Amino acid sequence: MPHDNEICNRSSNRPFEDIMKAGLSRRNLLKRSAVLSATGFMGTFMGKSLLAEGVAAATRQTSSSTLLAQTSRVLGFSALKIADAVINPAEPSISDDYEYQALIPWGTSIQPGGPEYNGDPNTRPTSAEQANQVGIGHDGMWFFAKNGTSNTEGMLCINHEFGRNSHVLGKDAPESLEDVRLSQHAHGVSVVAIKNTSGRWDRVASPNSRRIHVNTPVEFSGPVAGHPLLKNPANNTFQGTVNNCGNGYTPWGTYLTCEENFNGYFGSSEGDAFVPDENQDRYGFSATGFGYGWEQFDERFNLSNPNYKNEHHRFGWIVEIDPENGSKKATKRTALGRFKHEGFAFATGAGGRAVGYMGDDQRFDYCYKFVSQASWRSMMARGLSPLDYGKRYVAKFNEDGTGEWMELSVRNPKLRGKFKDQGELLVFTRVAADTLGATPMDRPEWTTVAPDGAVFWALTNNSRRTAPDPANPLVPNPDGHILRTVDSDNHVGTSFTWKIVFIAEETHEDGDETTFSDPDSLWADSTGRLFIGTDGGQKKDLNNQLLVADPATGEIRRLFTGVAGDEITGVAITPDQRTLFTNTQHPGNGDPTETNFPAPTDGVTIPRDSTVVITRKNGGVVGS
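Read in order, the letters of the sequence shown correspond to residues 9 to 632 in this note's numbering.
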């Protein structure tokens, strides 16, 4: 999404590019880096060329004297070649070893038999219909198998990040509250019961299937629940979730949806006369937002209405949803902090504690971690949410390949006196992180935890980086990179080591079939294979794509490419890993002359965001 490229961080914190420059002065130094000790390690196995040389050094990366050896993973499928992928940009392409099915496109009724929108350019759903239909902007997702084991039936939770007015409404701006409600109801989350019958997936009726959108009742928990910064003079109830991008899931069977660019849905009826305060500016609020125009007809989103002065503080959280309980409200877990959440990668750390790794997706923003107060099992047994009690940290990266997790707490001497209480600190998490001197990064997007405990971070791009030495491959960084960290003390420590495993620029050499740009979604399977979804201008006339990589060897194979103008995002899997779900988001950017997917090409039908079901033709594990 282009708004992710804006800069809200005005702090003078030392940028990651300076750290990189301190340890790496020339591109050829990267190429010939072979074996570096863990203590003097600059942590940069970049691109497949360096990775191939550096496996031995990677096995020496240590954390609390625990060796995390990387072993190669088999990528046994036939890679989709560039020449085969660019034949028809209006249709997806897939490896010869695989096949795909489109599932639950925008406008599909949540329950079978309800009203459907099929992409007719002359109409759109009503707001009431959209409230019971699959939303637009398919993004993060997870499959919750029936009974925890079924490979053919379960609940699919899927985020709906955004939908432009021209796509959702068929016009550039709303003209009524009904238009605003339609737009609002196209955002949020879908919880859909699905089943595989005779090789085809489809919806099935379920009392737990539902939509959670901008006007759905929600609740707050954790340190900010009941805080004055959530209260409005209008005394309106808590409602809604919006711009749901990345995701997470818990071992106790719940879904975590992440509110990212929430600021863009707010605006001001006073136009240019509205000037955001310092805290609003840090979160990117402005008089016009992203141009949705909700503030013109819905006062909740009017930044100039004093009756709703704290409405914007109610967004920017991670929201927990129980897919198996349709009557339970979604809960905003405020202990995890408020920023532009891109994902939540769960790990069970030392002592059984719940640990979550989170990125803040904006240029020059930060990497975060949360550690629960005690074992998540013991907390659940006591009726406590592991996501309500614990410590949250922000990352500082050092030049020598080490890093520090700095606690975001009013007990931290560096933060003492800056905030009235922990609730205020969490509402303004970004401000607290600025104060601690966290390292500004290149748009931290999705995170994933590999079986060996390593954490991978997608840094999608940052073309606004500047430096005097143009030979540094990350300056500027228009194509992004993927970072690997290893925490001390089995995820719960306050130190870590880091290295870069892929720089997208390194894959663009002529004839290189591994080319990719703008890594966005990430997921590591049970063997440590990385699935990479992209969001940005791919090279060699490719559409956005889904790739599978072996971080130990640097091998990358293309599995799938989407359609013109889309983003490939979200990864979910059945327990046997033989069915993978991903998404094509904003296909053709809503332009039917670019693509009509998932409808047959006719140049007229409005393209619709869709989930894509990928299976191997021989029934094998996806990615193998």
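Each residue gets a CB set at the ideal place from its N, CA and C atoms; glycine is no exception. All figures in this text were calculated on a predicted structure; none of them were measured in a lab.
Under a 10 Å Cβ-count criterion, P314 is classified as exposed, with fewer than 16 other Cβ atoms of the shown protein chains found around its own Cβ. Every unbroken stretch of the beta strand (DSSP E) spanning 3 or more residues and falling wholly within the stretch 437–461 is given here in chain order: 452–457.
Taking a C-beta distance under 8 angstroms as the contact criterion, V232 and V463 do not qualify as a contact pair. Scanning N130, P129 and I112 for the CA closest to the CA of G122 turns up I112. In this chain, the alpha helix (DSSP H) harbouring E186 covers L185 to A194. If only complete runs of 3 or more residues are kept, the stretch 295–331 shows the beta strand (DSSP E) at 326–329, in order along the chain. Straight through space, the alpha carbons of P236 and F354 are spaced by roughly 30 angstroms. Counting C-beta pairs with one atom in each stretch, the stretch 298–307 and the stretch 356–376 have fewer than three that are closer than 8 angstroms, which means they do not touch. Taking C-alpha positions only, P527 is separated from F347 by approximately 20 angstroms.
Nearest neighbour of L467 by Cα position, chosen from M449, G461 and N167, turns out to be M449. Taking a contact to require three or more Cβ pairs closer than 8 angstroms, the stretch 378–396 and the stretch 283–294 do not qualify as touching.
Bridge partners of M387 according to DSSP: none are assigned. The DSSP-derived three-state label of I118 is coil. Non-local beta-carbon contacts of Y291 in its own chain, meaning distances under 6 angstroms to residues more than five positions away in sequence, involve N271 in chain order. V283 carries a coil assignment under DSSP once its states are collapsed to helix, strand and coil. The continuous stretches of beta strand (DSSP E) do not include E268, and DSSP gives it neither H nor E. Following the DSSP letters along the chain, one finds V176 in no beta strand (DSSP E) but inside the alpha helix (DSSP H) bounded by residues N173 to V176. For D599, the CB contacts under 8 angstroms within the same chain, skipping 5 residues up- and downstream, are G573 and P615 in chain order. With 16 or more other CB atoms across the displayed protein chains lying within 10 angstroms of its CB, R132 is buried. When the alpha-carbon of G409 is set against those of P129, F504 and S103, the nearest one is in F504.
Out of Y257, G256 and T265, the CA that lies nearest to the CA of V250 is found in T265. When the beta-carbon positions are compared, G143 and W114 come within less than 8 angstroms of each other.
The alpha helix (DSSP H) runs of length 4 or more contained entirely in the stretch 89–173 are, from start to end of the chain, 90–93 and 135–138. Contact between V629 and Q585 holds: their C-beta atoms lie close to 5 angstroms from each other, under 8 angstroms. Per DSSP, the continuous alpha helix (DSSP H) segment holding Q430 begins and ends at Q430 to V435. Ranked by Cα distance from D487, the first of G127, G544 and C375 is G544. Contact check between the stretch 151–167 and the stretch 94–106: fewer than three CB pairs, one atom from each, fall below 8 angstroms, which does not count as touching. Pairing K548 with E517, the inter-Cα distance amounts to about 10 angstroms.
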